[in-house]
Amino acid sequence: MSANEILQPAAFEYAEPVKRIYDSQGLHSFQTSVALYEIQKSLTKIVALVENKEVPDGVLSKELLYTEQDADKYSHDFEIPLFEDPQSTTLLQDRVTRNPYLKSLLSLFEDLSLLVDQVPPLEGPRRYGNLACRDYHTKFESKLNGLLTKYILPFYNLPNPDGFIKEIGWYLLNAFGSKERLDYGTGHELNFLAFITGLWKTRVIPIDNIDGYDFLIIFGKYYDLARKLITTYSLEPAGSHGVWGLDDHFHISYILGASELLNNSKTMPGVSPKMINNRSVVFQYSTKNLYFNSISFIYKVKKGAFFEHSPILYDVSNVKNWEKILKGMLKMYSAEVVNKFPVVQHFYFGGVLFPWRSIKNGSILPISTGEDSITEQSSSTSHSNNELQNKLSYPHQNDQIPLVSAPWKNKQSQAQSLQERLTSSYTSTRRSPTPQGFQQPQQQQQQQQHTRAPWAVNNQSGSQQPQETTRATWAKR
Numbered sequence: 001m002s003a004n005e006i007l008q009p010a011a012f013e014y015a016e017p018v019k020r021i022y023d024s025q026g027l028h029s030f031q032t033s034v035a036l037y038e039i040q041k042s043l044t045k046i047v048a049l050v051e052n053k054e055v056p057d058g059v060l061s062k063e064l065l066y067t068e069q070d071a072d073k074y075s076h077d078f079e080i081p082l083f084e085d086p087q088s089t090t091l092l093q094d095r096v097t098r099n100p101y102l103k104s105l106l107s108l109f110e111d112l113s114l115l116v117d118q119v120p121p122l123e124g125p126r127r128y129g130n131l132a133c134r135d136y137h138t139k140f141e142s143k144l145n146g147l148l149t150k151y152i153l154p155f156y157n158l159p160n161p162d163g164f165i166k167e168i169g170w171y172l173l174n175a176f177g178s179k180e181r182l183d184y185g186t187g188h189e190l191n192f193l194a195f196i197t198g199l200w201k202t203r204v205i206p207i208d209n210i211d212g213y214d215f216l217i218i219f220g221k222y223y224d225l226a227r228k229l230i231t232t233y234s235l236e237p238a239g240s241h242g243v244w245g246l247d248d249h250f251h252i253s254y255i256l257g258a259s260e261l262l263n264n265s266k267t268m269p270g271v272s273p274k275m276i277n278n279r280s281v282v283f284q285y286s287t288k289n290l291y292f293n294s295i296s297f298i299y300k301v302k303k304g305a306f307f308e309h310s311p312i313l314y315d316v317s318n319v320k321n322w323e324k325i326l327k328g329m330l331k332m333y334s335a336e337v338v339n340k341f342p343v344v345q346h347f348y349f350g351g352v353l354f355p356w357r358s359i360k361n362g363s364i365l366p367i368s369t370g371e372d373s374i375t376e377q378s379s380s381t382s383h384s385n386n387e388l389q390n391k392l393s394y395p396h397q398n399d400q401i402p403l404v405s406a407p408w409k410n411k412q413s414q415a416q417s418l419q420e421r422l423t424s425s426y427t428s429t430r431r432s433p434t435p436q437g438f439q440q441p442q443q444q445q446q447q448q449q450h451t452r453a454p455w456a457v458n459n460q461s462g463s464q465q466p467q468e469t470t471r472a473t474w475a476k477r
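For the sequence shown, position 252 matches number 252 in the UniProt record's numbering, and the numbering has no gaps at all.
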């Protein structure tokens, strides 16, 4: 695919997203799909854009993380000076004024937040989520087309707007938890990334007039809304490993937050990974950085010693630099989110944005029915190879950047930006059909070690030591 090729939805049709991942074969096919490639590509670019930037003032809410008593307690014990960017106070308003699409997205989030206020939780204790959440999702679903028509469609200038609304709407609807299971987890966070990727891919989000601050604003507002839903309706963690997992609900926030802290001598001087154990420092940066923002939420919803309820994050805090943490978080995302059946089985595939097609040649991937695995043969080729390649391309000048060609892949000068390192890494290697670094699943391993985490290391003595399974392989004391 040429970097100059652009998406041409006129050449093919949108379709209502459907389930394709029923078993290990579906998971295997997903690793070689156009859909996963698009998601990887989008995340890589966003990670590069947010490098060494902080979340603008007014985006993240402290009220969702701290009571007045806690805020007063932790606001008087700052160990490091807080860098105040004079532009930060006006940055949010400047961005909203300059970018109408951003204003529309924030208005969409605001409407969804007001909908939570209109559907209060039912009284009484609920162990597995408050049933009022189902009423919220019912109302959300009934308003979905209207919200997308009002806030998204004015910026869509490609053919078949009705098909676009149908396809993009699925990912937004499923980005805020499950109506049936009353839970929220990394699979829903993945759907939000898909929603943003779809907007970027169809140029609703302009490809030439966006930077890292815009993405930090978008993701920051999304995380605030997700946490409001979690706390209001007591949503259960979805697909969580419990204390053996990174976080009960989120993962991408740690990736973006770590990228924010690369080369942070000016924006966040002196902020080291070890400081997540200092409640005052976490409070100090909870609205400026998505990594510390996520840590703040853990302190809010969990009690006890941090090393007991979050041993993986505690172990990661021993890593000396943020670049290595970013590397580990991306690898862990590959292993524990997009390559885990319990998570991606709920990701659906449409006709344009995330098609169930091979990244190698554009052919339809094997389709499993859940009972029998069948291969759907393409009996007719209505499009030429060039048209098929156009379908799978991305509207960005530097589109061919694999997700894991990150700064830890090749040792480069620290003076280089993350985007430069990613780009140079890609150009020095030949792209394989499967995006680099995303491991090909082996069916036998999936059956025997389906929930085994990448940081779990076999004990040579043969005895089981559960404590060691919480160690991330890239976190060294």
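For each residue, glycine too, the CB sits at the ideal point set by N, CA and C. Note that the coordinates shown come from a computational prediction; the quantities given were computed from them, not determined experimentally.
Beta-bridge pairing by DSSP links E236 to D183. In this structure, L65 places its C-beta atom within 9 Å of the C-beta atom of K300. Looking from the CA of V343, the closest CA among D183, G187, S272, K288 belongs to G187. Apart from the 5 residues on each side of it in sequence, E308 sits with its Cβ closer than 8 Å to the Cβ of V243 in its chain, given in chain order. Residue nearest to G177 within the set L108, F250, I168, I165 is F250 (criterion: CA-CA distance). Residue nearest to E13 within the set D162, R95, S42, L91 is D162 (criterion: CA-CA distance). Assigned with DSSP and collapsed to three states, P120 falls in coil, not helix or strand.
Runs of the alpha helix (DSSP H) lying entirely within the segment 164-215, each at least 4 residues long, are 186-201 in chain order. By the Cβ rule, the segment 355-362 counts as touching the segment 30-45, because three or more pairs are nearer than 8 Å.
Residue pairing of V18 in beta bridges, as defined by DSSP: F349. Here the segment 336-355 makes contact with the segment 189-209; the two share three or more CB pairs at distances below 8 Å. Judged by pairs of C-beta atoms under 8 Å, the segment 136-153 touches the segment 114-121, as three or more such pairs exist. One Cα belongs to P125, the other to I196, and the distance between them is close to 35 Å. For the pair of segments examined, the segment 43-54 was found to touch the segment 255-270: the number of CB pairs separated by less than 8 Å reaches three. In the three-state reduction of the DSSP assignment, P100 falls in the helix class, which pools H, G and I. Remark: C-beta atoms of G245 and I325 do not approach each other more closely than 9 Å. Annotation for R279: the continuous alpha helix (DSSP H) segment containing it runs 279-285. In the structure shown, P154 adopts helical secondary structure according to DSSP, grouped into three states.
Taking the CA atoms as reference points, K143 sits about 12 Å from L172.
Taking the Cβ atoms as the reference, L106 lies roughly 10 Å from G220, outside the contact range of under 8 Å.
Taking all protein chains in view, the Cβ of R98 is surrounded by fewer than 16 other Cβ atoms within 10 Å, so the residue is classified as exposed.
In chain order, N99 place their CB closer than 8 Å to the CB of N209, counting only its own chain and leaving out the 5 sequence neighbours on each side. With a 10 Å radius around the Cβ and a threshold of 16 neighbouring Cβ atoms, L353 comes out buried. Nearest Cα to F341 within the set A238, E68, I230, F155: A238. Nearest C-alpha to M275 among W170, S368, N318: N318. A305 counts as exposed, since fewer than 16 other beta carbons sit within 10 angstroms of its beta carbon. Taking 9 Å as the cut-off, the Cβ atoms of L153 and D111 do not count as close.
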